[in-house]
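In my numbering, the protein residues as written are 5 to 206. All residues carry an ideal CB built from backbone N, CA and C; glycine is no exception.
Printed below as a string of structure tokens:
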């Protein structure tokens, strides 16, 4: 028969009582790890959303303005369907400078007419009269008025469908407000993501 002395009983009771704080400490540490893992996920998500928003705005701005000027081109948004289907509405057209005399039949000329930029195809180049006979691809007949050499801006050489909507939106106050909101949201998400990541590291 084994008889437990008072000292042994005290030791046993003390050992049993010490296990409870240890288990509580382990549970607390596990909970902290879970919360930190969630914080890291949220921080990454916020950073990604912010980066995507800012990158999208930057890409649109570069493709619409910076890149064309760097390459010596001008960009114009298609706002009507007169050149469908070659140049759909909402496309952003890039035009290169060219002497009007160098425009050939079939080229797409960019020129001013009545304070508006027109993008139509050349049907005939009247060198002596210094005029271009033009027509929209979707129109049945030629334009009522020739394009004067002095009003020619250039020749359309490329386009990006859909980007023209972005340019047209920026010309309006609501569009500018939306753009500003997107930029602010992108910056806010990036800042929040950085702050949460810093908190998680602590």
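Nearest by alpha-carbon distance to residue i: which of the options is it?
i	options	result
residue 161	174, 66, 38 and 72	72
residue 124	48, 118, 164 and 139	139
residue 67	196, 166, 120 and 102	166
residue 141	164, 122, 39 and 186	122
residue 105	131, 178 and 148	131
residue 102	154, 177 and 164	154
residue 150	164, 133 and 163	133
Pull up the distance between the alpha-carbon of residue i and that of residue j, whole angstroms please.
i	j	result
residue 77	residue 45	43 Å
residue 118	residue 202	58 Å
residue 61	residue 43	27 Å
residue 187	residue 197	15 Å
residue 55	residue 195	10 Å
residue 177	residue 70	22 Å
residue 174	residue 97	16 Å
residue 38	residue 199	18 Å
residue 75	residue 85	27 Å
residue 163	residue 120	19 Å
residue 63	residue 109	34 Å
residue 49	residue 92	36 Å
residue 94	residue 168	4 Å
residue 87	residue 51	42 Å
Could you tell me whether the Cβ atoms of residue i and residue j are closer together than 7 Å?
i	j	result
residue 115	residue 156	yes
residue 128	residue 137	yes
residue 207	residue 58	An answer regarding residue 207 cannot be provided, because it is not within the stretch 5 to 206 covered by the chain.
residue 171	residue 81	yes
residue 126	residue 111	yes
residue 99	residue 179	no
residue 107	residue 135	no
For residue i, collect the residues of the same chain with a Cβ closer than 7 Å to its Cβ; drop the 5 residues on either side in sequence, then sort them by chain order.
i	result
residue 53	193
Residues in its own chain within less than 8 Å of residue i by CB, not counting five upstream and five downstream?
i	result
residue 79	68, 69, 72, 96, 97, 98, 99 and 171
residue 182	173
residue 41	none
Using a Cβ-Cβ cut-off of 6 Å (strictly less than) and excluding sequence neighbours within five positions of residue i, which residues of its own chain qualify?
i	result
residue 90	141
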